[in-house]
Amino acid sequence: MTKTLVLGIGNLLLTDDGVGIRAIQLLEERYTLPEEVLVVDGGTCGLDLLQFLEGVDHLVIIDAARLGKTPGSIARMEGAQVPAYLALKTSPHEIGLPELLFTARLTDIYPPRVVVLGMQPESIETSLGLTPAVAAHLDELVEMAAVEVGAVKR
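Residue numbers (the numbering used here): 1 to 154.
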């Protein structure tokens with residue numbers, strides 16, 4: 001059985017940086033997830049998340065991403081695209097994510113399949129809630145995550 005980890009990354013106190021966290025909240029509220037899918041609020045990330053990668057075959061990371069596109073734009077990255085994404089720091093927590101994945105490689109627990117669903121933020125200023133531009137595309141991001149993991153809408 002394939003074990004899938006959905007990791008929402010971000011900081012709810014930094015406007016659109018919280019999009020990954022908000023997306024996993026809605027994913028769990030609106031969808032029935034397959035038994036083998038684990039959803040984790042990765043927050044601002046760190047090596048303490050390494051424990052969740054053990055035995056994972058499919059890692060889905062949902063995060064704000066500097067895509068160079070209009071706010072709310074979404075990109076799906078996989079394979080060789082993931083290191084390029086990691087090089088584009090959007091916020092301070094992005095420092096921990098590359099370290100997490102690098103350590104996973106060193107300890108032979110790097111998942112065979114890693115997918116990043118990234119959304120272009122409009123603002124990462126200190127404030128609660130998403131900007132209207134990002135909030136308008138949140139449902140699309142959640143639906144992409146649901147399709148990625150085989151979730152069924154309730």
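For each residue, glycine too, the CB sits at the ideal point set by N, CA and C.
Fair warning: this is a prediction, and the values are worked out from it, not measured in the lab.
- In this structure, Pro132 keeps its C-beta atom at 8 Å or more from the C-beta atom of Asp16.
- Partner residues in the beta bridge of Gly8, as assigned by DSSP, are Asp41, Ile62.
- Restricting attention to Val60, Gly129, Gly118, the CA atom closest to the CA of Val40 is found in Val60.
- Contact annotation: the stretch 18-28 touches the stretch 126-144, with at least three C-beta pairs closer than 8 Å.
- Residue pairing from DSSP places Gly118 in a beta bridge opposite Asp63, Ala75.
- Each residue's CA atom was taken as its position, placing Glu78 and Thr126 some 30 Å apart.
- With respect to the 8 Å criterion, Asp48 and Lys3 are not classified as neighbours on the basis of their beta carbons.
- When only Cα atoms are considered, Gly96 and Cys45 end up about 6 Å apart.
- In this structure, the beta-carbon distance from Gly10 to Ala64 falls below 8 Å.
- Going by DSSP, Thr103 is part of the alpha helix (DSSP H) stretching over 96-106.
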